[in-house]
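Asks: Residue numbers (the working numbering): 8 to 483.
Let me begin by handing over the structure; questions about it come next.
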Ligand code: 5AD
Ligand code: SF4
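Below you can see the structure in the form of structure tokens.
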């Protein structure tokens, strides 16, 4: 890290991080003294649920595990340390994590030296931390979303037979300088800020990730340069609402940060998520139109097409205002792919409200939507609202919406047929091992026949066929 740069006000002091690195060294010595190095190094399994922010956090969790002398593994069996990074955004995610943590009991029974720690949004809620403490005695510690940097001390204490630890909600600082361990080099997450101030009435995130804190632009640019030097070709800037970036700093904002990143040297592209429509500015649209390295994709969650519901969701925009943003986007960048998140069955949603959301889909014509049935979250205002929508009504609406969204997706995907696009070859296709899967600006996967040696590189392909969920192409 550059010592001269101006720190973000939210940044933790370097001494705090140094103290954790000392714990990490102590853990590494503990294993070295027992000959557990190289091939005999203890294994650590990091399991991730939820959003891209969690994926990014897990890279730092894994980075700290490596610093402590662990070798990463992709399965829980045989691991000496299991770290579960949980999600709380919907009930289903919590249930799944709890069920999997439950299954780890037998691993702990078979190996008393196994340490199990649980982090992420689920355990940042005190009632969940207490539940793990009381009902999951084989879980040694939890670490909340603001305390990832404390993993070395938690592991060190546990290895020494110290007390189980279930404190959450204490740290909100930004920890700079934490190492990352990334499974692939050519795609990278880059967190530019943490937390959310918006308090959409259905959402747990402001409670689990705290208030908005921006990283300093120097720290972000420094990390971006390192990622590019390390072979990153596709960088996703992450924040719960990237448009608020810099509101807690002097003299910077998201459009200018994005422009600086897009102007770094190297053959890479940059994308970002998520944008709250209430703050999507014309300045941002201009930067996107002007800078070639910015992917022509805008994820702009609308959540609902009904003004009454948007108001009860505390979203602070109207359907008309939202449509205005998409029109300006399309005017500036005619071919842009627009995607959205939509919640069906929010409390009080009538058939007319739902029809307004369907109308929104028809007007905006999304390349893709992520749709969710509303899930009440303890502690959020919407969970207390009257008129919760019966599950069968939500499910039926959800199905109708998917059918329409898929029809529109197919139509949108067809516009690419016959075009040559620049694709980042990402992986061997999961359904057809003779094919490679990659992506261009649209979030839809593109499958094409090529040698696996192209993985990690940009290649030009000509789109030959469009389906609802994917495109087929050939190399040119
Ligand atoms: N129920 C259903 N969906 C939710 N989301 C957030 N909170 C809830 C909830 N309580 C959805 C929103 C958000 C996406 C990440 O998850 O659509 O944009
Ligand atoms: Fe949740 Fe709204 Fe913040 Fe997104 S903007 S994280 S939906 S509160």
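Even glycine gets a Cβ: it sits at the ideal position worked out from N, Cα and C.
Say the cut is 7 Å; is the CB of residue 59 nearer than that to a heavy atom of the ligand SF4?
Replies: Indexing the chain shown from 1 puts residue 59 at position 52. Incorrect: residue 59 has no Cβ contact closer than 7 Å to the ligand SF4.
Asks: Tell me where the alpha helix (DSSP H) around residue 247 begins and ends.
Replies: The sequence position of residue 247 within the chain shown is 240, counting from 1. Segment: none, residue 247 is in no alpha helix (DSSP H) and carries neither H nor E.
Asks: Hey, out of 482, 378, 225, whose CA is closest to residue 259's CA?
Replies: For the purposes of this step, residue 259 is taken as residue 252 along the chain shown, with counting starting at 1. Cα-wise, what sits closest to residue 259 is 225.
Asks: In this structure, how does DSSP classify residue 233 when only helix, strand and coil are distinguished?
Replies: For the purposes of this step, residue 233 is identified with residue 226 of the chain shown, where counting begins at 1. In the structure shown, residue 233 sits in a helix (DSSP, three-state: H, G or I).
Asks: Is it right to say residue 441 is buried, meaning 16 or more other beta carbons lie within 10 angstroms of its own, or is it exposed?
Replies: Residue mapping note: residue 441 aligns to position 434 of the chain shown, counting from 1. Result: exposed.
Asks: Quick check: the segment 459 to 477 against the segment 404 to 421, are there 3 or more CB pairs under 8 Å?
Replies: Contact holds: three or more Cβ-Cβ distances are below 8 Å.
Asks: Can you tell me which of the three DSSP states residue 194 falls into?
Replies: Within the chain shown, residue 194 is the residue found at index 187, counting from 1. In the three-state scheme derived from DSSP, where H, G and I count as helix and E and B as strand, residue 194 is classed as strand.
Asks: Alpha carbon to alpha carbon, how far is residue 489 from residue 60?
Replies: This structure gives no information on residue 489, because the portion of the chain shown stretches from 8 to 483.
Asks: Taking the alpha-carbon of residue 23 as reference, which of 123, 183, 415 has the nearest alpha-carbon?
Replies: Here the question's residue 23 lines up with position 16 in the chain shown. Ranking the options by Cα distance to residue 23, first place goes to 183.
Asks: Per DSSP, what are the beta-bridge partners of residue 210 in this structure?
Replies: Within the chain shown, the letter at position 203 stands for residue 210. DSSP lists no partner for residue 210.
Asks: Taking 8 Å as the cut-off, does the segment 199 to 209 touch the segment 248 to 257 (at least 3 CB pairs, one atom from each stretch)?
Replies: yes
Asks: Would you mind stating whether residue 285 and residue 324 have Cβ atoms separated by less than 8 Å?
Replies: To locate residue 285, count along the chain shown from 1; it is residue 278. To locate residue 324, count along the chain shown from 1; it is residue 317. In this structure, residue 324 lies closer than 8 Å to residue 285 by Cβ.
Asks: In whole angstroms, what separates the C-alpha of residue 9 from that of residue 25?
Replies: Counting from one through the chain shown, the residue named residue 9 turns up at place 2. Counting from one through the chain shown, the residue named residue 25 turns up at place 18. Because residue 9 sits at a pLDDT of 45, beneath the cut-off of 50, its placement in the model cannot be relied upon, and the following sentence gives the value as read from the coordinates. Cα to Cα, residue 9 sits roughly 15 Å from residue 25.
Asks: Taking 7 Å as the cut-off, is the C-beta of residue 306 nearer than that to any heavy atom in the ligand SF4?
Replies: Within the chain shown, the letter at position 299 stands for residue 306. Flag unset: Cβ of residue 306 not near the ligand SF4.
Asks: Would you say the beta carbon of residue 110 is closer than 7 Å to some non-hydrogen atom of the ligand SF4?
Replies: As a working mapping, residue 110 is identified with position 103 in the chain shown. For the ligand SF4, not one heavy atom lies less than 7 Å from the Cβ of residue 110.
Asks: Provide the residue span of the beta strand (DSSP E) that contains residue 348, from first to last.
Replies: Numbered from 1 along the chain shown, position 341 holds the residue referred to as residue 348. That run of the beta strand (DSSP E) goes 344 to 351.
Asks: Threshold first: 4 residues or longer. Then list the alpha helix (DSSP H) segments lying entirely within the segment 360 to 409, N to C.
Replies: none
Asks: How many Å lie between residue 262 and residue 249 at the Cα?
Replies: What you label residue 262 is simply residue 255 of the chain shown in a count that begins at 1. What you label residue 249 is simply residue 242 of the chain shown in a count that begins at 1. About 10 Å.
Asks: Over what stretch of residues does the beta strand (DSSP E) that includes residue 238 continue unbroken?
Replies: The residue given as residue 238 occupies position 231 in the chain shown. Per DSSP, residue 238 belongs to no beta strand (DSSP E) and is neither H nor E.
Asks: Tell me, to the nearest whole angstrom, how far the beta carbon of residue 466 is from that of residue 427; I am working on the premise that it is less than 8 Å.
Replies: Along the chain shown, one-based indexing puts residue 466 at 459. Along the chain shown, one-based indexing puts residue 427 at 420. With 8 Å as the limit, residue 466 and residue 427 do not qualify as a contact, their Cβ atoms being about 11 Å apart.
Asks: Please list, in chain order, all residues with a C-beta atom less than 6 Å from at least one heavy atom of the ligand 5AD.
Replies: 96, 97, 209, 210, 308, 310, 348, 350, 379, 381, 382, 384
Asks: Could you check where the alpha helix (DSSP H) with residue 164 kicks off and where it finishes?
Replies: Residue numbering aside, residue 164 sits at position 157 when the chain shown is read from its first letter. Taken as a continuous stretch (DSSP letters only), the alpha helix (DSSP H) holding residue 164 covers 158 to 166.
Asks: Please confirm if residue 378 has its CB atom under 8 Å from at least one CB of chain C.
Replies: Looking for chain C here will not work: only one protein chain is present.
Asks: Look at residue 367 and residue 326 and say whether their C-beta atoms are less than 8 Å apart.
Replies: Taking the chain shown and counting its residues from 1, the one referred to as residue 367 is at position 360. Taking the chain shown and counting its residues from 1, the one referred to as residue 326 is at position 319. It is a contact, given that the beta carbons lie within the stated cut-off.
Asks: Who sits around the ligand SF4, taking every residue whose Cβ is closer than 6 Å to one of its heavy atoms?
Replies: 203, 205, 206, 207, 210, 212, 213, 247, 248, 283
Asks: Cβ atoms of residue 481 and residue 456: under 8 Å apart, would you say?
Replies: In the chain shown, residue 456 corresponds to position 449, counting from 1. In the chain shown, residue 481 corresponds to position 474, counting from 1. Result yes, Cβ atoms of residue 456 and residue 481 sit closer than 8 Å.
Asks: Give me the Cβ distance between residue 155 and residue 68, rounded to the nearest whole Å; I'm assuming they're in contact under 8 Å.
Replies: The residue given as residue 155 occupies position 148 in the chain shown. The residue given as residue 68 occupies position 61 in the chain shown. About 6 Å separates the two Cβ atoms, so the contact holds.
Asks: Assign residue 333 to one of three DSSP states: helix, strand, or coil.
Replies: Position 326 of the chain shown, counted from the first residue, corresponds to residue 333. Here residue 333 sits in helix by DSSP.
Asks: Select from 245, 437, 295 the residue whose C-alpha is nearest the C-alpha of residue 269.
Replies: Here residue 269 refers to the residue found at position 262 of the chain shown. The candidate whose alpha carbon is nearest that of residue 269 is 295.
Asks: Only counting the same chain, and skipping five residues up and downstream in sequence, which positions put a Cβ closer than 6 Å to that of residue 30?
Replies: Residue mapping note: residue 30 aligns to position 23 of the chain shown, counting from 1. Answer for residue 30: 159, 160, 163, listed in chain order.
Asks: State the start and end residues of the unbroken beta strand (DSSP E) segment that holds residue 88.
Replies: Locating residue 88 in the chain shown gives position 81, where the first residue counts as 1. Unbroken beta strand (DSSP E) run through residue 88: 88 to 93.
Asks: Answer with buried or exposed for residue 359, where buried requires no fewer than 16 other C-beta atoms within 10 angstroms of its C-beta.
Replies: Numbered from its first residue, the chain shown carries residue 359 at position 352. By the 10 Å Cβ count, residue 359 comes out exposed.
Asks: Note the first and the last residue of the continuous alpha helix (DSSP H) segment covering residue 68.
Replies: Within the chain shown, residue 68 is the residue found at index 61, counting from 1. Residues 59 to 74.
Asks: Can you give me the start and stop residues for the alpha helix (DSSP H) that residue 264 sits inside?
Replies: Counting from 1 along the chain shown, the entry for residue 264 is found at position 257. Element bounds for residue 264: 261 to 269.
Asks: Report, in whole angstroms, the separation of the C-beta atoms of residue 282 and residue 307, which I expect to be a contact under 8 Å.
Replies: Taking the first residue of the chain shown as position 1, residue 282 is located at position 275. Taking the first residue of the chain shown as position 1, residue 307 is located at position 300. About 5 Å separates the two Cβ atoms, so the contact holds.
Asks: Once the 5 residues before and after residue 414 are set aside, which same chain residues still bring their CB inside 6 Å of it?
Replies: Taking the chain shown and counting its residues from 1, the one referred to as residue 414 is at position 407. Within the same chain, residue 414 has no close Cβ partners at all.
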